[in-house]
Amino acid sequence: MQYEHVLVDRQGAVGVVTLNRPKVLNALSPALIAELSDALDRFDAEPDVRAVVLTGGPRVFAAGADIGDMSERGPVEQLQRDQTGRWARIAAFSKPLIAAVNGYALGGGCELALMCDLIVAGDTARFGQPEINLGIIAGAGGTQRWPRTVGKYVAMEINLGGAPVTAQRAYQLGLANKVVPAEVTVDVAVQLAARLAEKAPVALRLAKESVNQALELPLSEGLAVERKNFYFLFATEDQKEGMRAFLEKRKAQFKGR
Ligand code: COA
30 MQYEHVLVDR
40 QGAVGVVTLN
50 RPKVLNALSP
60 ALIAELSDAL
70 DRFDAEPDVR
80 AVVLTGGPRV
90 FAAGADIGDM
100 SERGPVEQLQ
110 RDQTGRWARI
120 AAFSKPLIAA
130 VNGYALGGGC
140 ELALMCDLIV
150 AGDTARFGQP
160 EINLGIIAGA
170 GGTQRWPRTV
180 GKYVAMEINL
190 GGAPVTAQRA
200 YQLGLANKVV
210 PAEVTVDVAV
220 QLAARLAEKA
230 PVALRLAKES
240 VNQALELPLS
250 EGLAVERKNF
260 YFLFATEDQK
270 EGMRAFLEKR
280 KAQFKGR
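Using my numbering, the first residue of the sequence shown is number 30, and each one after it goes up by one.
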């Protein structure tokens with residue numbers, strides 16, 4: 030599939046999607062978001078792809094929603110464009126999704142990184158919600174996912190102050206899983222994805238779903254979701270294979286069944 034604003038690549042069982050509007054720092058136009066959402070849907074439906082890396086390439090992740098496109102819009106137009114639906118599809122991606130972030134991840138770019146499951150930050154990465162400087166607020170999860178990740182006070186600093194945090198601070202805050210030299214960010218993310226791609230796909234999916242439910246539900250309900258997912262996995266061939274392989278001291282061959 031050929032897209033205009035994203036590049037799509039496969040490295041074994043790992044899919045790689047690269048945002049590709051370098052002249053405007055990968056500003057997230059509606060067309061780019063539509064293509065991104067479509068590319069992720071295709072990877073979600075492809076059984077041989079077991080994990081995906083999302084990146085903006087070596088210089089920038091994404092400098093946010095396209096301000097040129099948004100500046101003269103009214104609320105009804107914003108509502109009718111159904112950006113929210115597209116973002117929701119990205120957030121609902123069922124396989125491990127790893128953000129490989131170099132340079133600016135601002136506004137919608139930061140929110141996109143926050144929708145991913147793990148974040149590998151290059152040492153040039155900057156995460157922030159500068160919307161307040163434009164007279165608006167975050168609209169794709171920035172006011173909700175920051176506090177769930179780093180707590181209220183840092184989230185207030187980010188959303189009210191508008192200044193970004195460095196890769197190192199993001200790591201200290203628990204937002205980035207690793208900080209690496211910017212030249213190797215994408216490679217490190219692909220290696221990490223390849224390791225996850227070796228695990229049992231159904232277990233990965235339910236582990237992801239269960240962790241995400243922890244951010245939505247009270248503890249007792251979250252524990253119930255986890256327990257049902259745990260029991261369900263005993264119906265998979267991969268559970269039998271994983272446990273037999275352990276007992277036979279060999280590497281498990283998971284099939285996603
Ligand atoms: N939407 C549309 N265009 C954008 C953009 C955005 N969010 N972010 C950057 N661009 C464009 C710039 O207009 C510029 O285009 P030009 O060369 O035609 O003038 C180009 O990308 C390069 O950006 P520039 O500002 O010259 O780079 P910089 O290195 O000096 O500054 C930033 C980088 C990220 C600090 C700055 O571009 C910025 O503040 N961008 C907006 C971030 C933002 O508010 N995002 C939230 C949007 S809701």
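A virtual CB, placed ideally from N, CA and C, is assigned to each residue, including glycine. Quick caveat, the model's predicted, so the values are computed rather than measured.
heavy atom of ligand 1 below 7 Å from residue i C-beta
i: ILE62; result: no
i: GLU140; result: no
i: ILE96; result: yes
i: GLU160; result: yes
i: ALA133; result: Looking at the sequence provided, one finds Tyr at residue 133 rather than Ala. The answer is yes for TYR133.
i: GLY93; result: yes
i: GLY137; result: yes
i: LEU54; result: yes
i: LEU189; result: no
i: LEU48; result: no
i: LEU126; result: no
i: LEU163; result: yes
One or two residues paired with residue i in a DSSP bridge
i: ASP38; result: VAL45
i: TYR133; result: ARG155
i: ALA80; result: VAL43
i: VAL208; result: ALA150
i: LEU57; result: ALA94
i: ILE127; result: VAL82 and LEU147
i: VAL183; result: DSSP lists no partner for VAL183.
i: VAL194; result: PHE156
Under 8 Å between C-beta atoms of residue i and residue j
i: ALA169; j: ALA154; result: no
i: THR265; j: VAL213; result: no
i: LEU65; j: ARG50; result: no
i: ALA218; j: VAL82; result: yes
i: PRO125; j: LYS280; result: no
i: ALA196; j: ALA184; result: no
i: ALA91; j: LEU57; result: yes
i: LEU246; j: VAL240; result: no
i: MET30; j: ARG79; result: no
i: PRO59; j: GLN109; result: no
i: ALA74; j: TYR32; result: no
i: PRO87; j: ALA211; result: yes
i: GLY285; j: ASP267; result: yes
i: GLY287; j: GLY136; result: Since the first residue shown for the chain is 30 and the last is 286, residue 287 is missing from the structure and cannot be characterised.
Integer-rounded CB distance, given that residue j should sit under 8 Å from residue i
i: ARG234; j: SER123; result: 5 Å
i: LEU189; j: ILE161; result: 6 Å
i: ILE119; j: GLN158; result: At roughly 18 Å, the Cβ-Cβ gap does not stay under 8 Å, so ILE119 and GLN158 are not in contact.
i: GLY85; j: ASN55; result: 5 Å
i: LYS95; j: VAL53; result: Before going further, note that residue 95 is Asp rather than Lys in the sequence given. ASP95 to VAL53, Cβ: 7 Å. Contact.
i: GLU270; j: PHE283; result: 6 Å
Which listed residue (the options) has its alpha carbon closest to that of residue i
i: ALA128; options: LEU141, ARG118 and ALA117; result: LEU141
i: GLY132; options: TRP175, VAL78, GLU270 and VAL208; result: VAL208
i: THR178; options: MET144, LYS257 and LEU69; result: MET144
i: GLY151; options: ALA117, GLU75, ALA274 and VAL215; result: VAL215
i: GLY138; options: PRO193, ALA229, ASP73 and GLY41; result: PRO193
i: LEU221; options: ALA42, ASP73, GLN242 and GLU245; result: ALA42
i: GLY176; options: TYR200, ALA226, LEU244 and ALA117; result: For clarity, residue 176 is Pro in the given sequence; the question names Gly instead. Among TYR200, ALA226, LEU244 and ALA117, the Cα nearest to that of PRO176 belongs to LEU244.
i: TYR200; options: GLY191, GLN173 and PHE156; result: PHE156
i: MET272; options: GLY114, GLU250, LYS228 and GLN242; result: LYS228
i: GLY191; options: LEU48, ALA167 and GLN173; result: ALA167
i: GLY203; options: GLY180, GLN242 and TRP116; result: GLY180
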